[in-house]
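Engineer:
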Amino acid sequence: MSQEILRVNDLGVNFYIEDRVIPAVDGVSFSLSKGETLGLVGESGCGKSVTALSIIGLLQTPPAKVVKGEIIFNGENLLDKSEDDMRDIRGKDISMIFQEPMTSLNPVFTIGRQISEVITQHQNVSNREALERTIEMLKRVRIPRPEKVVKQYPHQLSGGMRQRVMIAIALACSPELLIADEPTTALDVTVEAQILDLINELKDEFNSSIIMISHDLAVVSEIADKVAVMYSGRIVEYSDVDSVFNDPKHPYTRGLLGAIPDIDTDKLQRLQEIRGVVPRPDEIKEGCRFKTRCDFVSESCICEEPPFYQVDRNLVRCWNYA
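Remember, the working numbering sits 121 above the position in the sequence shown when you count from 1.
1) Quick one: grab the DSSP three-state call for D302.
2) Taking 8 Å as the cut-off, decide whether the C-beta atoms of K186 and M351 are in contact.
3) Just to confirm, is the Cβ distance from F417 to V357 under 8 Å?
4) Skipping 5 residues on each side, what residues in its chain have a beta carbon closer than 7 Å to that of F136?
5) Within 10 angstroms of its Cβ, does I138 collect 16 or more other Cβ (buried), or is it exposed?
6) Which residue marks the beginning of the alpha helix (DSSP H) containing N195, and which one marks its end?
7) Under a three-way DSSP split, which group does P144 fall into?
8) Note down the Cα distance separating I193 from T158, rounded to an integer number of angstroms.
9) Among the candidates D433, A251, L317, V437, whose CA atom is the shortest distance from the CA of S335?
10) Our contact map puts A289 next to L299 with C-beta atoms below 8 Å; I'd like the distance itself, whole angstroms only.
11) Quick test of the definition: if touching needs 3 or more C-beta pairs under 8 Å, does the region 150-167 touch the region 339-348?
12) Give the secondary structure of I423 by DSSP, where H, G and I count as helix, E and B as strand, and everything else as coil.
13) Which residues does DSSP list as the beta-bridge partners of K189?
14) Expressed to the nearest angstrom, what Euclidean distance is found between the alpha-carbon atoms of S479 and R266?
15) Along the alpha helix (DSSP H) that carries A289, what are the first and last residues, could you check?
16) Can you pull the DSSP bridge partners for M217?
17) Taking buried to mean at least 16 other C-beta atoms within 10 Å of its own C-beta, is I423 buried or exposed?
18) What does a CB cutoff of less than 6 Å around N441 pick up in its chain, not counting 5 residues either side in sequence?
19) Could you tell me which of S237, R263, Q244, S329 sits nearest to E253, measuring between CA atoms?
20) Would you report the Cα separation of D206 and L199, rounded to the nearest angstrom?
21) Is the Cβ-Cβ distance between A301 and V239 less than 8 Å?
22) Is the beta carbon of A173 less than 8 Å from the beta carbon of I332?
Here it is, written out as structure tokens:
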């Protein structure tokens with residue numbers, strides 16, 4: 122049996138804005154074993170990043186608030202931890218690669234200072250040792266001339282180089298869990314492939330577990346062991362990567378995969394589309410959240426939200442499998 126490192130149970134996060142209550146995440150549950158990669162996929166606004174920020178304890182409160190659930194990391198509920206405890210955990214045990222490196226890196230500090238700060242915060246080393254480790258981390262993420270780069274500022278690096286710096290910061294203390302939130306957004310396809318290869322290599326080197334957040338199914342298929350498909354704050358399908366991509370069960374998952382162009386054919390093809398738009402979280406009253414966009418709506422879908430059903434190897438939240 123693989124060692125379970127993380128379990129999220131029935132997580133719920135609301136945003137309180139003026140007189141409105143917006144349920145951003147509602148009843149999300151999944152688990153992650155040591156050395157495993159979970160792909161968290163779905164459209165923008167479905168709750169992927171809010172789930173990640175809840176795990177690492179970086180939700181802005183207010184307006185956000187975790188209203189239910191547990192986040193069990195190595196047997197302890199992170200939601201019971203104080204801010205001081207979470208500050209010790211962040212960077213050392215759990216790290217995050219953020220979506221946009223230009224805004225995530227501090228523009229007034231050098232690259233070397235931003236990486237070495239993580240090392241000195243969590244490890245009892247001198248500034249000289251921290252600098253040596255910083256240069257070593259830059260070498261590991263394949264940044265050329267690291268001795269020069271440590272003295273440079275973020276604006277002096279390309280987008281791909283800045284993303285490599287973000288990975289170096291995240292892995293500086295060899296965390297057990299790495300959360301990668303759209304780590305290849307805004308990168309060209311060549312750099313994207315290099316970053317994904319790098320994450321995979323460093324995952325094996327550090328034996329880290331990864332939560333890969335993405336709306337790009339091709340990225341997830343390359344790197345994930347398990348996949349959780351999110352829609353409107355809920356997980357609607359959950360299984361191993363082969364089952365989700367080769368035999369999807371939920372109409373939403375099928376729609377996402379059907380919208381991917383087939384590069385192996387010379388024939389002109391019309392891409393499938395999922396009609397309609399994602400409902401606003403505060404507009405959801407009852408029934409299945411996908412009912413306004415689904416081609417298989419029944420009376421049950423309109424009246425009541427479906428539970429999970431076990432269909433082959435997939436967990437699917439859909440009344441069609443009742």
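Backbone N, C-alpha and C fix where the C-beta goes; we use that ideal spot for every residue, glycine too.
Structural biologist: In short, the structure shows the following:
1) strand
2) no
3) no
4) I143, A145, P184, A185
5) exposed
6) Where N195 is concerned, there is no enclosing alpha helix (DSSP H), given that its DSSP letter is neither H nor E.
7) strand
8) 17 Å
9) L317
10) Going by Cβ atoms, the distance from A289 to L299 rounds to 12 Å, so no, they are not a contact pair.
11) yes
12) helix
13) G133
14) Here the chain covers residues 122 to 443 and nothing more, so residue 479 does not appear.
15) 280-292
16) I300
17) exposed
18) F417
19) S237
20) 9 Å
21) no
22) yes
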